[in-house]
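Colleague: The UniProt record's numbering applies: residue 1 is where the sequence shown begins, and numbers increase by one.
A virtual CB, placed ideally from N, CA and C, is assigned to each residue, including glycine.
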Amino acid sequence: MRSDRPRAGWPLKLAALGGFLFLHVPLALILLYAFSSEDKSYQFPPPGLTTEWFAVAFGRQDVWDAIWLSLKVAAWATAIAMVLGSLVAGALARARFFGREAISLLIILPIALPGIITGIALRSGFNALDIPFSFWTIVIGHATFCVVVVYNNAVARLRRTSPSLIEASMDLGADGLQTLRHVILPQLGTALLAGGMLAFALSFDEVIVTTFTAGQQTTLPIWMLNELVRPRQRPVTNVVAVIIIAVTFFPILAAYFLTREGEHASGSGK
Numbered sequence: 001m002r003s004d005r006p007r008a009g010w011p012l013k014l015a016a017l018g019g020f021l022f023l024h025v026p027l028a029l030i031l032l033y034a035f036s037s038e039d040k041s042y043q044f045p046p047p048g049l050t051t052e053w054f055a056v057a058f059g060r061q062d063v064w065d066a067i068w069l070s071l072k073v074a075a076w077a078t079a080i081a082m083v084l085g086s087l088v089a090g091a092l093a094r095a096r097f098f099g100r101e102a103i104s105l106l107i108i109l110p111i112a113l114p115g116i117i118t119g120i121a122l123r124s125g126f127n128a129l130d131i132p133f134s135f136w137t138i139v140i141g142h143a144t145f146c147v148v149v150v151y152n153n154a155v156a157r158l159r160r161t162s163p164s165l166i167e168a169s170m171d172l173g174a175d176g177l178q179t180l181r182h183v184i185l186p187q188l189g190t191a192l193l194a195g196g197m198l199a200f201a202l203s204f205d206e207v208i209v210t211t212f213t214a215g216q217q218t219t220l221p222i223w224m225l226n227e228l229v230r231p232r233q234r235p236v237t238n239v240v241a242v243i244i245i246a247v248t249f250f251p252i253l254a255a256y257f258l259t260r261e262g263e264h265a266s267g268s269g270k
């Protein structure tokens, strides 16, 4: 029995294939050059393949220091974003007051603006307040856009959650904390988890805002940028890029499956 669903024509299929290749061939080249035996230039095809650069990368202390700093920054920025983003979402999802839409716009503005604008604004603010650049200035800079990711996920889930569930919980004698624990958080849980994963991935590979707020700190993206400008061992940079792809790919994939619509989506009775 033939399906009644319309089938895509060849032009659309070719366009989709072209877009897929445009996005993913550069990633494949990064993976290929991570195994290149040539350490000075990007020659295609590589003159030889080797795994020695993985050992070199894992043996360099500056790489581990940059990775550890990026992980700490991403963890703190995500934690701050989870708290602030969920609180703001809870306040704006149900309440109706003058200026509500303006506040919502201001919350999402940091991720809508170019990163260089956010970076310059933060640097100017830190200089004006005489705050020295440190680990915490990077965390604050990253939290500005991580909050938006968590907020968007949380507010969307709260708006799809029926208010009658909360009303029923209160009518049955539950106090505010019990309602939060047994009704709201189970409905909101995977949305917050997905928002946190996306926030972590965005923070881990952020470079523009970090450039303006890091001072002498060197996160992993900053280290990679410096290595590309003044290369010593180009394949090592590609090895680290493969690590970043792996670290950010799995949170984004998990966030996609946690927030996609369908009968298996969280909040539908799980």
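1) Considering just the uninterrupted stretch of the alpha helix (DSSP H) at Gly119, what are its terminal residues?
2) What does the alpha-carbon distance come out to for the pair Ser268 and Arg159?
3) Do the region 68-85 and the region 122-134 make contact, defined as three or more Cβ pairs closer than 8 Å?
4) The ligand ZN and Arg60: does any heavy atom of the ligand fall closer than 7 Å to the residue's C-beta?
5) Can you grab the Cα-Cα spacing for the pair Leu92 / Gly195, in whole Å?
6) Identify, in the order they occur along the chain, each residue of the same chain with its Cβ nearer than 7 Å to the Cβ of Thr248, setting aside the five sequence neighbours on each side.
7) Quick test of your reading: Leu188 and Ala154, contact by CB under 8 Å. State the CB separation rounded to the nearest angstrom.
8) Measuring only the C-alpha atoms, how far is Gly58 from Glu101?
9) By the DSSP assignment, the alpha helix (DSSP H) with Gly90 in it spans what residues?
10) Are the region 16-23 and the region 210-226 touching by the rule of at least three beta carbon pairs closer than 8 Å?
11) If the criterion is Cβ atoms closer than 8 Å, does the pair Leu122 and Val209 meet it?
12) Got a sec, what are the start and stop residues for the alpha helix (DSSP H) Thr210 sits in?
13) In angstroms with no decimal places, state the Cα-to-Cα distance between Thr144 and Gly9.
14) Using the three-state DSSP reduction, which class does Ile131 fall into: helix, strand or coil?
15) Here's the rule I'm using: 16 or more other beta-carbon atoms within 10 Å means buried, otherwise exposed. How should residue 271 be labelled?
16) Measuring straight from C-alpha to C-alpha, what distance separates Ile140 and Trp76?
17) Between the C-alpha atoms of Tyr256 and Leu198, what's the straight-line distance to the nearest angstrom?
18) Taking Ser104 as the reference, which of Val56, Ala156 and Phe54 has the closest Cα?
19) Can you give me the C-alpha to C-alpha distance between Ile111 and Met82, rounded to a whole angstrom?
20) For Ala34, does the three-state DSSP call read helix, strand or coil?
21) Between Thr137 and Ala214, what straight-line distance do the alpha-carbon atoms span, to the nearest angstrom?
22) Just confirm the distance between the C-beta atoms of Ala89 and Tyr151, as a whole number of angstroms; I'd bet it's less than 8 Å.
23) Expressed to the nearest angstrom, what Euclidean distance is found between the alpha-carbon atoms of Glu227 and Phe35?
24) With distances taken from CA atoms, which of Gly85, Ser124 and Ile120 is nearest Leu106?
25) I'd like the list of long-range same chain contacts for Lys13, defined as Cβ closer than 6 Å, with 5 residues on each side in sequence excluded.
26) Consult DSSP for Pro11 and reduce its assignment to one of helix, strand or coil.
27) DSSP state of Ile98, grouped into three classes?
Modeller: On the basis of the data shown:
1) As a first step, residue 119 is located in the sequence shown; it is residue number 119 there, counting from the start. Gly119 -> alpha helix (DSSP H) spans Gly115 to Ala128.
2) Taking the first residue of the sequence shown as 1, we reach residue 268 at position 268. Taking the first residue of the sequence shown as 1, we reach residue 159 at position 159. Low confidence applies to Ser268: its pLDDT is 38, below 50, so where it sits in the model is not reliable enough to give any reading.
3) no
4) Here there are no bound small molecules, and the ligand ZN is not part of this structure.
5) Here residue 92 refers to the residue found at position 92 when the sequence shown is read from its first residue. Here residue 195 refers to the residue found at position 195 when the sequence shown is read from its first residue. Those two C-alpha atoms are separated by around 17 Å.
6) The residue given as residue 248 occupies position 248 in the sequence shown. Only Ala201, Phe204 and Asp205 meet the Cβ criterion.
7) In the sequence shown, the residue the question calls residue 188 occupies position 188. In the sequence shown, the residue the question calls residue 154 occupies position 154. Confirmed, about 6 Å.
8) For the purposes of this step, residue 58 is taken as residue 58 along the sequence shown, with counting starting at 1. For the purposes of this step, residue 101 is taken as residue 101 along the sequence shown, with counting starting at 1. The sequence given here places Phe at residue 58; Gly does not occur at that position. Distance between the alpha carbons of Phe58 and Glu101 is about 49 Å.
9) Sequence index remark: in the sequence shown, residue 90 carries index 90 (1-based). Unbroken alpha helix (DSSP H) run through Gly90: Gln61 to Arg94.
10) no
11) One-based indexing of the sequence shown puts residue 122 at position 122. One-based indexing of the sequence shown puts residue 209 at position 209. In this structure, Val209 lies closer than 8 Å to Leu122 by Cβ.
12) On the sequence shown, residue 210 is found 210 positions in, with the first residue counted as 1. Here the alpha helix (DSSP H) through Thr210 covers Ile208 to Thr213.
13) Here residue 144 corresponds to residue number 144 of the sequence shown, with the count starting at 1. Here residue 9 corresponds to residue number 9 of the sequence shown, with the count starting at 1. Computed Cα separation, rounded: 43 Å.
14) Mapped onto the sequence shown, residue 131 falls at position 131. It is coil, neither helix nor strand.
15) What is shown of the chain runs 1 to 270, which leaves residue 271 out entirely.
16) Looking up residue 140 in the sequence shown gives position 140. Looking up residue 76 in the sequence shown gives position 76. The straight-line gap from Cα to Cα measures roughly 9 Å.
17) Along the sequence shown, one-based indexing puts residue 256 at 256. Along the sequence shown, one-based indexing puts residue 198 at 198. Roughly 9 Å separates the two Cα atoms.
18) Residue mapping note: residue 104 aligns to position 104 of the sequence shown, counting from 1. The residue with the shortest Cα to Cα distance from Ser104 is Ala156.
19) One-based indexing of the sequence shown puts residue 111 at position 111. One-based indexing of the sequence shown puts residue 82 at position 82. The straight-line gap from Cα to Cα measures roughly 16 Å.
20) Indexing the sequence shown from 1 puts residue 34 at position 34. Here Ala34 sits in coil by DSSP.
21) The residue given as residue 137 occupies position 137 in the sequence shown. The residue given as residue 214 occupies position 214 in the sequence shown. Those two C-alpha atoms are separated by around 7 Å.
22) Here residue 89 refers to the residue found at position 89 of the sequence shown. Here residue 151 refers to the residue found at position 151 of the sequence shown. The Cβ separation is near 5 Å, so the contact holds.
23) What you label residue 227 is simply residue 227 of the sequence shown in a count that begins at 1. What you label residue 35 is simply residue 35 of the sequence shown in a count that begins at 1. If I take the Cα positions, the gap works out to 17 Å.
24) Position 106 of the sequence shown, counted from the start, is the residue given in the question as residue 106. Checking every option, the nearest Cα to that of Leu106 belongs to Gly85.
25) To locate residue 13, count along the sequence shown from 1; it is residue 13. Answer for Lys13: no residue qualifies.
26) Counted from its first residue, the sequence shown places residue 11 at position 11. The answer is helix: DSSP assigns Pro11 an H, G or I state.
27) The residue labelled residue 98 in the question sits at position 98 within the sequence shown. Ile is not the amino acid found at residue 98; the sequence shown has Phe there. Correct three-state label for Phe98: coil.
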